[in-house]
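Counting from 1, position 25 in the sequence shown corresponds to residue 25 in UniProt numbering; the numbering is continuous, with no gaps. Cβ atoms here follow ideal geometry from the backbone N, Cα and C, with glycine treated the same way. Some notes on the structure that comes next.
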Amino acid sequence: MKNLNVIDNLRPLPINFYYQPTLDLARSLLGCILLKDSPEGIAAGIIVETEAYIGPGDMAAHSFQNRRTKRTEVMFGLPGYTYTYSMHTHCLFNVVSGNVNEPEAVLIRGIEPFYNEDLIASRRDNVKKSKDWTNGPGKLTKALGITMNDYGHLLTKKPLWIAEKRSSNFKIEAGPRIGIENSGEAKNYPWRFWISDNKFISR
């Protein structure tokens with residue numbers, strides 16, 4: 001049986017945590033713990049890689065030029081909510097940031113398994129190496145059981161929440177974001193952040 005005391009102590013971060021400038025939030029999320037409860041149990045991972053998207057001036061952002069659609073609507077609201085979207089059959093998980101009508105978000109790109117690795121492994125049953133279970137934005141959502149149904153969920157509440165970091169004893173590195181080649185000069189912005197030397201980063 002898993003040690004539930006570990007999870008019981010991981011309470012959701014307060015809502016004011018999300019009221020940071022997006023680049024600061026992308027850094028602050030590193031080391032925090034992302035958790036998802038499901039009928040199969042709770043699975044959790046330490047956030048080790050993030051990417052900031054600062055629309056409407058960011059050509060790589062879904063909200064570039066204030067593009068407001070059914071998909072991006074949640075980004076125009078308050079920070080601290082879940083923005084999920086599908087890409088190549090994968091569900092990707094983002095944390096809404098910015099002020100109302102300032103649609104910004106932080107993509108979670110990689111997590112290090114922290115709790116219930118058996119469940120995480122079962123959801124990634126065709127992957128033998130543990131480092132490949134969660135080292136990508138589509139991989140980690142499958143591993144934790146995050147789906148499109150989580151769109152619009154407030155991250156201060158279960159079943160999907162983020163808890164405070166266990167340690168800040170790590171170095172943060174920054175560099176260009178990944179997979180946004182057709183976004184003009186925005187492809188060079190150093191808005192991807194990761195924990196140095198962590199094997200669960202996506203690249």
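Note down the Cα distance separating R203 from P190, rounded to an integer number of angstroms. The residue given as residue 203 occupies position 203 in the sequence shown. The residue given as residue 190 occupies position 190 in the sequence shown. Cα to Cα, R203 sits roughly 15 Å from P190.
Which whole-angstrom value describes the C-beta separation of L30 and F200, a residue pair presumed to lie in contact below a C-beta threshold of 8 Å? Counting from 1 along the sequence shown, the entry for residue 30 is found at position 30. Counting from 1 along the sequence shown, the entry for residue 200 is found at position 200. Not a contact, Cβ separation roughly 12 Å.
According to DSSP, is I201 helix, strand or coil? Here residue 201 refers to the residue found at position 201 when the sequence shown is read from its first residue. If DSSP states are grouped into helix, strand and coil, I201 belongs with coil.
Is the region 113–130 in contact with the region 52–70, if contact means three or more CB pairs nearer than 8 Å? Verdict: no, contact absent.
Going by alpha carbons, who is nearest to L160 out of I146, T72 and F76? Taking the first residue of the sequence shown as 1, we reach residue 160 at position 160. Nearest of I146, T72 and F76 to L160, Cα basis: I146.
Quick check on DSSP: helix, strand or coil for S183? Here residue 183 refers to the residue found at position 183 of the sequence shown. S183 falls in the coil class under three-state DSSP.
Within a Cβ cutoff of 7 Å, which residues of the same chain sit near G80, ignoring the five residues on either side of it in sequence? Position 80 of the sequence shown, counted from the first residue, corresponds to residue 80. Scanning its chain for C-beta atoms nearer than 7 Å, with the 5 sequence neighbours on each side dropped, one finds around G80 the residues I15, Y18, V96, L154, L155 and T156, in chain order.
Cβ shell of D37 (< 8 Å), same chain only, five flanking positions each side left out: Here residue 37 refers to the residue found at position 37 when the sequence shown is read from its first residue. The answer, listed in chain order, is K158, P159 and L160.
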